[in-house]
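Asks: My questions all concern the structure below.
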Amino acid sequence: GSLIGFFQMFGDLIAAAILAGINRGCCCSTKSTTSTASTASTLSACKTWCANLFQPPYNMSILLVLMAMLHVLMAQPIFWCAVLGQIFMGTVWVFGAQIVHEMNVIYSLHNHHRYRRLAWASSVALSLSIAITQFLAIWLYETVDQLLPFWLSALFALLVSLIFTMYFGNRI
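Residue 133 in my numbering sits at position 133 of the sequence shown, with consecutive numbering throughout.
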């Protein structure tokens, strides 16, 4: 119990370190020893790739796929696989919270009142989804199969990722 909590906290710290590195510009570094047209073209393509893949809204799709993979990992019978899944689930959770914050900022159009409403709606949606699904997960865990909640969570995350990606892909 407490050991698993420790590992999840370790995953949170990994995410914090990665976020700090991203904020310092580690993705697609602009430092170059030579400045040629080829290097500039490669750097431009790298920045475009990073901007499209690791910025809202597509980074949420990636995170949902990672979350699905981690749920599958936590459902494995090998203890250390489950522990690794738990560690990185903490990392993914922190990234998810950051992405929701970034999307709230984008969709608020820098209007503080609109941002507060979006943040409130996000918080309520998260709290309600946890409150509602915990009863189903506990019931499935105790009556059907102990691994079924993990498999269903993985399936749901993949489905939401697909819908999310298709929705934002159609907007381009």
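Just so you know, even glycine gets a beta-carbon here, dropped at the ideal spot from N, CA and C.
All values derive from a computational prediction rather than experimental measurement.
1) If the criterion is Cβ atoms closer than 8 Å, does the pair glycine 85 and leucine 63 meet it?
2) Between alanine 15 and valine 72, which are expected to be in contact by the criterion C-beta below 8 Å, what is the C-beta distance as a whole number of angstroms?
3) What are the complete alpha helix (DSSP H) segments, minimum 4 residues, inside the region 96 to 156?
4) Using three-state DSSP, classify isoleucine 14 as helix, strand or coil.
5) Count the other C-beta atoms from every protein chain shown that fall within 10 angstroms of the C-beta of threonine 33, then say buried if there are 16 or more, exposed otherwise.
6) Between Trp151, Ile132, Gln98 and Phe164, which has its C-alpha nearest glutamine 76's C-alpha?
7) According to DSSP, is alanine 68 part of a helix, a strand, or is it coil?
8) Closer than 8 Å, CB to CB, is phenylalanine 164 near chain B or not?
9) Taking 7 Å as the limit between beta carbons, can you name the residues of its chain near phenylalanine 88, skipping five residues before and five after?
10) Taking methionine 67 and valine 105 to be in contact with their CB atoms under 8 Å, please state how far apart those CB atoms are, rounded to whole angstroms.
Replies: Taking the structure as given:
1) Remark: C-beta atoms of glycine 85 and leucine 63 do not approach each other more closely than 8 Å.
2) Not really, about 20 Å apart at Cβ, beyond 8 Å.
3) 112 to 143
4) Residue state, collapsed to three classes: helix.
5) Note on threonine 33: pLDDT 48, under 50, position unreliable in the model; the coordinate value appears next. Counting every other CB atom within 10 Å of its CB across the protein chains shown gives threonine 33 a total below 16, marking it as exposed.
6) Trp151
7) helix
8) Chain labels in this structure do not include chain B; a single protein chain is all it has.
9) Gly11 and Leu70
10) Incorrect: roughly 22 Å between the Cβ atoms, too far for contact.
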